[in-house]
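Here the sequence shown stands for residues 61 to 444, numbered as in this note's numbering.
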Amino acid sequence: MYRKTYAEIDCDILTDNIKNIKENYKYDYYIGVVKANAYGHGDYIINSLIEGGINYLAASSLEECLNIRKRNNDIPILCLEKINAEYLDICEKENITITITDMAYFNSLDLTKCLKAHIKIDSGMNRLGFKDKNEVKEVFDKLTNSNIILEGIYTHFGTSGMWDKYYDNAIEKFKEITSLIDLTKIPIVHLSRSLTLVTHPKIDFANGVRLGIAMYGFDQNMNEPTGLRKIKRNMYLKKHHISPITFKNNLKLKTALTLHSTVMATKEVKQGEYISYGAKYIANENTKIAILPIGYADGLLKENENLTVKINDREYKIVGEICMDMIAVKIDDKVKINDDVIIYDDIKKRCKQIGVSAYTLLTSITTRVPRVYKEKEKITEIKY
Ligand SMILES: Cc1ncc(COP(=O)(O)O)c(C=O)c1O
Numbered sequence: 061m062y063r064k065t066y067a068e069i070d071c072d073i074l075t076d077n078i079k080n081i082k083e084n085y086k087y088d089y090y091i092g093v094v095k096a097n098a099y100g101h102g103d104y105i106i107n108s109l110i111e112g113g114i115n116y117l118a119a120s121s122l123e124e125c126l127n128i129r130k131r132n133n134d135i136p137i138l139c140l141e142k143i144n145a146e147y148l149d150i151c152e153k154e155n156i157t158i159t160i161t162d163m164a165y166f167n168s169l170d171l172t173k174c175l176k177a178h179i180k181i182d183s184g185m186n187r188l189g190f191k192d193k194n195e196v197k198e199v200f201d202k203l204t205n206s207n208i209i210l211e212g213i214y215t216h217f218g219t220s221g222m223w224d225k226y227y228d229n230a231i232e233k234f235k236e237i238t239s240l241i242d243l244t245k246i247p248i249v250h251l252s253r254s255l256t257l258v259t260h261p262k263i264d265f266a267n268g269v270r271l272g273i274a275m276y277g278f279d280q281n282m283n284e285p286t287g288l289r290k291i292k293r294n295m296y297l298k299k300h301h302i303s304p305i306t307f308k309n310n311l312k313l314k315t316a317l318t319l320h321s322t323v324m325a326t327k328e329v330k331q332g333e334y335i336s337y338g339a340k341y342i343a344n345e346n347t348k349i350a351i352l353p354i355g356y357a358d359g360l361l362k363e364n365e366n367l368t369v370k371i372n373d374r375e376y377k378i379v380g381e382i383c384m385d386m387i388a389v390k391i392d393d394k395v396k397i398n399d400d401v402i403i404y405d406d407i408k409k410r411c412k413q414i415g416v417s418a419y420t421l422l423t424s425i426t427t428r429v430p431r432v433y434k435e436k437e438k439i440t441e442i443k444y
């Protein structure tokens, strides 16, 4: 790497996270969701996930699935979005499982292809999936007499169901939409994602779970509401017959990614001079600043303005507007050129500070930023 701005990922943490989830939640299939370059971690990590016990992977597009395939020949990979029927040869060759999302798509498929498929049910989100039980039955019956193996069926929950009835409704809808087929004939039934996994009892007819954000260290532990909020919530749950949820779980997950940069230059700024674009930040005293080679084109969102970074274990404040490629940080004499800078290492805290979700923060780190992987004693650098 020539420019020392990078994301460091501890692969051993990821492996331990999966082991910890598996100890706490028993399923036959742990489907690791590695879309968006494994939530920003980079698809290099997939073998660490497999080492922890992930036995299926899922990504959004055929492009993503093929990138993952380059890193592992054996693991089955489910594509969560439709793959145009003209590319099914590639799926056949590369062992990519397709998702059948609707009747028009099903009718475009060549049923002589030797493929695995999962049916997607729309249980209320109105994204992809079947809403009509007769269509599901038709697909089920036709697949039984075709070369395409119906390996799985799933849905995706739009809410956690912690404050609303939608989770309970979604389960009922799933049951209804699949009521004309025999679910026990389908090897993998997977409904939950990280949040619903830890907040609700196991869905008795499901034997798989799709794990995204939990694998990357977000345990979803929450503080139970207290006082008036608790009373209001309990009344609401009772009135609408909403099933109870768990706020605390026993998971001990850790985040694995830290974002680093370096001190590229230092500079004295006189009182009254401005720093960065727009002349919005004016130094109110003689000030020393460091210029770091990281900006919003690396994924350092503008919301980070005025927050601090860590240099030699001390906090220093970002001053002035975040540029495309650089930021300025107010420093003291202890900071030297080429010092390592931790932009953030506590992702949960940073998310709170800037008001974005962990999903947004992690996936906003762009491919311009090389990823440096630590696993056991080995260090591997990858530029995506
Ligand atoms: C279809 C599907 N399944 C599973 C997941 C994983 O969700 P989570 O990261 O909340 O576990 C996602 C993520 O958005 C998804 O779109």
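Every residue, glycine too, gets a C-beta built ideally from N, C-alpha and C.
As the structure is a prediction and not an experimental result, all values here were calculated from the model.
First through last residue of the alpha helix (DSSP H) which encompasses A230: Position 170 of the sequence shown, counted from the first residue, corresponds to residue 230. Secondary structure note for A230: its alpha helix (DSSP H) is the uninterrupted segment Y226 to I237.
Run the CB neighbour count on M61, radius 10 Å, all protein chains shown included, and call it buried at 16 or more, exposed below. Walking along the sequence shown from the start, residue 61 turns up at place 1. Result: exposed.
Evaluate the contact criterion for the stretch 289 to 306 versus the stretch 332 to 350: three or more CB pairs, one atom per stretch, below 8 Å. no
In terms of residue numbering, what span does the alpha helix (DSSP H) encompassing T75 cover? Translated into the one-based positions of the sequence shown, residue 75 becomes position 15. T75 -> alpha helix (DSSP H) spans C71 to N84.
Rounded to whole angstroms, what's the CA-CA distance from G218 to S252? Just pull it up for me. Counting from 1 along the sequence shown, the entry for residue 218 is found at position 158. Counting from 1 along the sequence shown, the entry for residue 252 is found at position 192. About 11 Å.
Would you check if the distance between the CB atom of R410 and the CB atom of K394 is smaller than 8 Å? On the sequence shown, position 350 is the one that residue 410 refers to. On the sequence shown, position 334 is the one that residue 394 refers to. Contact: no.
Any beta-carbon of chain C closer than 8 Å to the one on A339? Annotation note: the requested chain C is absent from the structure, which comprises a single protein chain.
Hey, which unbroken runs of the alpha helix (DSSP H) at 4 residues or more fall wholly within the stretch 339 to 424? 407 to 414 and 418 to 424, all fully within the stretch 339 to 424.
With Y296 as the anchor, note down where its alpha helix (DSSP H) starts and where it stops. Indexing the sequence shown from 1 puts residue 296 at position 236. Element bounds for Y296: G287 to H300.
For M384, is the classification buried or exposed, using 16 other Cβ atoms within 10 angstroms of its Cβ as the cut-off for buried? Residue numbering aside, residue 384 sits at position 324 when the sequence shown is read from its first letter. Result: exposed.
Sequence-distant residues of its chain with Cβ nearer than 7 Å to N229 (five each side left out): Position 169 of the sequence shown, counted from the start, is the residue given in the question as residue 229. Within the same chain, N229 has close Cβ partners G184.
If you draw a straight line from the alpha carbon of L169 to that of N207, how long is it in whole angstroms? One-based indexing of the sequence shown puts residue 169 at position 109. One-based indexing of the sequence shown puts residue 207 at position 147. Those two C-alpha atoms are separated by around 11 Å.
Quick check: the Cα distance between G268 and N133, rounded to an integer number of angstroms? On the sequence shown, position 208 is the one that residue 268 refers to. On the sequence shown, position 73 is the one that residue 133 refers to. Going from the Cα of G268 to the Cα of N133 covers about 22 Å.
Going by other Cβ atoms of all chains shown within 10 Å of its Cβ, with 16 needed for buried, is E435 buried or exposed? For this step, residue 435 is matched to residue 375 along the sequence shown. When all chains shown are included, E435 counts as buried.
Between the beta-carbon of P136 and the beta-carbon of Y104, is there less than 8 Å? Counting from 1 along the sequence shown, the entry for residue 136 is found at position 76. Counting from 1 along the sequence shown, the entry for residue 104 is found at position 44. Their beta carbons are not under 8 Å apart, which means P136 does not touch Y104 by this criterion.
Whole angstroms are fine: how far does the CA of F278 sit from the CA of G113? For the purposes of this step, residue 113 is taken as the residue at position 53 of the sequence shown. For the purposes of this step, residue 278 is taken as the residue at position 218 of the sequence shown. Roughly 18 Å between the two C-alpha positions.
Hey, would you say the C-beta of R253 is under 7 Å away from at least one heavy atom of ligand 1? Taking the sequence shown and counting its residues from 1, one reaches residue 253 at position 193. Answer for R253: yes, Cβ within range of ligand 1.
Quick check: the stretch 92 to 109 against the stretch 70 to 77, are at least 3 beta-carbon pairs closer than 8 Å? yes
Which listed residue (P261, H216, L122 and D149) has its alpha carbon closest to that of V87: The count along the sequence shown starts at 1 and reaches residue 87 at position 27. Correcting the residue type first, residue 87 is Tyr in the shown sequence and not Val. With distances taken between Cα atoms, Y87 lies closest to P261.
N- and C-terminal bounds of the beta strand (DSSP E) containing L243: As a position in the sequence shown, residue 243 is number 183, starting the count at 1. Here L243 belongs to no beta strand (DSSP E), and DSSP marks it neither H nor E.
Hey, D358 and R428: beta-carbon distance below 8 Å or not? As a working mapping, residue 358 is identified with position 298 in the sequence shown. As a working mapping, residue 428 is identified with position 368 in the sequence shown. In this structure, R428 lies closer than 8 Å to D358 by Cβ.
Quick test of your reading: Y276 and T318, contact by CB under 8 Å. State the CB separation rounded to the nearest angstrom. By 1-based counting over the sequence shown, the position of residue 276 is 216. By 1-based counting over the sequence shown, the position of residue 318 is 258. No, Y276 and T318 are not in contact; Cβ-Cβ is about 13 Å, not under 8 Å.
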